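J.:
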RNA sequence: CGGGAUGUAGCGCAGCUUGGUAGCGCGCCUCGUUCGGGACGAGGAGGCCGCAGGUUCGAAUCCUGUCAUCCCGACCA
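In the working numbering, the protein residues as written are 15 to 492.
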């Protein structure tokens, strides 16, 4: 029993201190190492592998939908950054500046990209001349820098990895269609790959991206009831095109401004995976992006034939799954805990008894359930179990969200709900920023989005009582 | 950027009040016995006590400054 207690105490209890639990997992599962650079992370092989899997999946989807990858500089001349007024104002507080090259002071300072709208605009102004050049569906995988004051691994760091898509279109309708299409692709990624249910919707003007006409978002709920903005997609209309003078000649030989969209997801998603699925034994990874899907743990590996059996199983299963065999001389119990901490979806135990009975033991990470499986059915069972683990993780996360989603018709109700627990509140809103500001000040909850799936909670604004425009999801956010 | 806490071996900590040149647990290395939920024994390696000043014969310990990390708020993916 004492041993079990030690397992549980290896990391901070999730219900006791969620924030500490999170940072414990991040380091103990060997996802990251705290860098000597303030606010930055060393992404370790295991953490980076998760990102690579997300990246590989999504990059494939982008290519299937006609997008192309490019790479633009990490520096932006100050004059370029300043061309779009709202945009600079939005990012100015958090940009890092390069002022010197060697010992020479630069005549114009360079900003380290916090996002690359301005560079893409500059590019598009060079290469778009005719409607025949449109659309341009460009994407880049890179890192960006935002001089954040307080940082948390994956959720907010000074430098982070992401993809930023920047597309150019003939019309506003085309740009809007792209914006929505990508939002659905993001939701697909979260739900069908990461097992994270999301709410799709539009940001209010207050929460809109600097320089955008409209911002759409997918919002996920973490285990503790807080919201995580997990991907955003922006329709810029022709605002940037006018600021950067990006014009093309249309079919009628008329000069027109292009219409643009941009969209991004980042390594923040990894933080989302941790906080959505993790438990007191550590990380729980969605099978579709888990760097290792099956960990083989030999039992009594010094005994004749055990390691041979384990190795040949590894070779056999590697044909269909991401498999790892741990032949280190740690005890089996140690390995069990270790790979639970790392969130490996399935553990396969193979020992003398199994070899004798021509079987293996499969243990699933999400439920802890163990099953004895005949050797000749392994591939089939593993495939089924991985599917079922994904489905179960998604359902569990969704059930958590539903249990922590409430409706409020008045501010009294609103506050009473948040006083009891953290969660989403669905409430009607009149559309004024005054009410949004008031709610934030009074409750610290912000508007997460105006969901595509609207409901009529009541007829009047939860805050001011005037006629309501939209149902809004409110919540505390990361 | 405000409020709080913490920096001592790879990790977690003690030592600091009452200054005298550093210790414990885990981990690591070697050997042996073990192995179906974090094994045991024996031996061994490892530290400019975050950094910079100051006080002192002498500083991990006292003083000043600084940097970093964590937590809670304000700002953001």
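Heads up, the beta-carbon is just placed ideally off N, CA and C, and yes, glycines get one too. Every value quoted in this text rests on a predicted model; they were computed, and no experiment measured them.
Quick test of the definition: if touching needs 3 or more C-beta pairs under 8 Å, does the region 355 to 371 touch the region 304 to 319?
T.: Touching, yes.
J.: In chain order, which beta strand (DSSP E) runs of at least 3 residues are fully inside the region 95 to 174?
T.: If we require 3 residues or more, the beta strand (DSSP E) runs fully inside the region 95 to 174 come out as 110 to 115, 118 to 126 and 150 to 159.
J.: By how many angstroms is the C-alpha of residue 239 removed from the C-alpha of residue 500?
T.: No answer is possible for residue 500: it lies beyond the span of the chain, which begins at 15 and ends at 492.
J.: Which whole-angstrom value is the C-beta distance of residue 339 and residue 328, which I expect to be below 8 Å?
T.: Their Cβ separation, rounded to whole angstroms, is 4 Å, which keeps residue 339 and residue 328 in contact under 8 Å.
J.: Quick check: the Cα distance between residue 36 and residue 226, rounded to an integer number of angstroms?
T.: Spanning the two alpha carbons is a distance of roughly 33 Å.
J.: List the residues that DSSP assigns as beta-bridge partners of residue 463.
T.: Residue 463 pairs with 487.
J.: Determine the extent of the beta strand (DSSP E) in which residue 248 is found, giving its start and end residues.
T.: Unbroken beta strand (DSSP E) run through residue 248: 241 to 251.
J.: Any idea if residue 280 is buried or exposed, counting beta-carbon neighbours within 10 angstroms, 16 or more meaning buried?
T.: Looking at its Cβ environment, which holds 16 or more other Cβ atoms inside 10 Å, residue 280 is buried.
J.: To the nearest angstrom, how far is the alpha carbon of residue 299 from that of residue 104?
T.: Near 35 Å, if we compare the C-alpha coordinates of residue 104 and residue 299.
J.: Provide the residue span of the beta strand (DSSP E) that contains residue 187, from first to last.
T.: Here residue 187 belongs to no beta strand (DSSP E); instead the alpha helix (DSSP H) covers 186 to 202.
J.: Give the straight-line distance between the Cα atoms of residue 485 and residue 169, rounded to the nearest whole angstrom.
T.: Whole-angstrom Cα-Cα distance: 27 Å.
J.: Quick one: what's got a C-beta closer than 6 Å to residue 275's C-beta in the same chain, skipping five residues either side?
T.: Once the five neighbours on either side are set aside, the close Cβ partners of residue 275 are 181, 189, 192, 193 and 249.
J.: Which residue's Cα is closest to the Cα of residue 442: 458, 459, 257 and 480?
T.: It is 480 whose Cα lies nearest to the Cα of residue 442.
J.: How would you label residue 358, buried or exposed, when you count the other beta carbons within 10 angstroms and need 16 or more for buried?
T.: Per the 10 Å Cβ criterion, buried.
J.: Check the C-beta distance from residue 491 over to residue 460 and give it rounded, since I have them as a contact under 8 Å.
T.: Indeed they touch by this definition, with Cβ atoms about 6 Å apart.
J.: Within a Cβ cutoff of 8 Å, which residues of the same chain sit near residue 22, ignoring the five residues on either side of it in sequence?
T.: At residue 22, the pLDDT of 39 sits below 50, so the modelled position is not reliable; the number obtained from the coordinates is stated separately. Closer than 8 Å at the Cβ level, and outside the excluded window around residue 22, lie 294 and 295.
J.: Three or more beta-carbon pairs under 8 Å between the region 410 to 428 and the region 162 to 179, yes or no?
T.: Touching, no, given that fewer than three Cβ pairs across the two stretches are closer than 8 Å.
J.: Buried or exposed for residue 354, please, with buried defined as at least 16 other CB atoms from any protein chain shown within 10 angstroms of its CB.
T.: Buried is the call here.
J.: What's the call for residue 18, buried or exposed, on a 16-neighbour Cβ count within 10 Å?
T.: Here the model assigns residue 18 a pLDDT of 33, short of 50, so the residue's position is not dependable and the matter cannot be decided.
J.: Measure the beta-carbon distance from residue 362 to residue 403 and round it to whole angstroms, keeping in mind my assumption that it falls under 8 Å.
T.: With a Cβ gap of about 14 Å, residue 362 and residue 403 do not count as contacting.
J.: List the endpoints of the continuous alpha helix (DSSP H) containing residue 38.
T.: Counting along the chain, the alpha helix (DSSP H) containing residue 38 begins and ends at 32 to 42.
J.: Looking at the unbroken beta strand (DSSP E) that takes in residue 420, where does it start and where does it end?
T.: Segment 419 to 421, the beta strand (DSSP E) holding residue 420.
J.: Taking residue 312 as part of the beta strand (DSSP E), name the residues at either end of that continuous run.
T.: Here the beta strand (DSSP E) through residue 312 covers 308 to 312.
J.: Are residue 241 and residue 462 closer than 9 Å when you measure CB to CB?
T.: For residue 241 and residue 462, yes; Cβs fall inside 9 Å.
J.: If you run the structure through DSSP and keep just helix, strand and coil, what is residue 223?
T.: Residue 223 falls in the coil class under three-state DSSP.
J.: Alpha carbon to alpha carbon, what distance is there between residue 304 and residue 20?
T.: Confidence at residue 20 is low in this model, with a pLDDT of 38, below 50, so its placement is unreliable and no value can be given for it.
J.: Tell me, which residues are paired with residue 233 by DSSP?
T.: In DSSP, residue 233 forms a bridge with 213 and 243.
J.: Rounded C-beta distance between residue 65 and residue 199? I'm assuming under 8 Å.
T.: With a Cβ gap of about 18 Å, residue 65 and residue 199 do not count as contacting.
J.: Leaving out the 5 sequence neighbours to the left and right, which residues in its chain are closer than 8 Å to residue 69 when beta-carbon positions are compared?
T.: If we look at residue 69 and ignore the five residues flanking it on each side, its Cβ neighbours are 155 and 177.
J.: Compute the beta-carbon to beta-carbon distance between residue 475 and residue 453, rounded to the nearest angstrom, for a pair I have assumed lies under 8 Å.
T.: Their Cβ separation, rounded to whole angstroms, is 10 Å, which puts residue 475 and residue 453 out of contact at 8 Å.
J.: Hey, would you say residue 98 sits closer than 9 Å to residue 258, going by beta carbons?
T.: In this structure, residue 258 lies closer than 9 Å to residue 98 by Cβ.
J.: Going by DSSP in three states, residue 305 sits in which element: helix, strand or coil?
T.: Coil.
J.: Let me check one thing: in DSSP terms, what residues is residue 261 bridge-paired to?
T.: Partner(s): 271.
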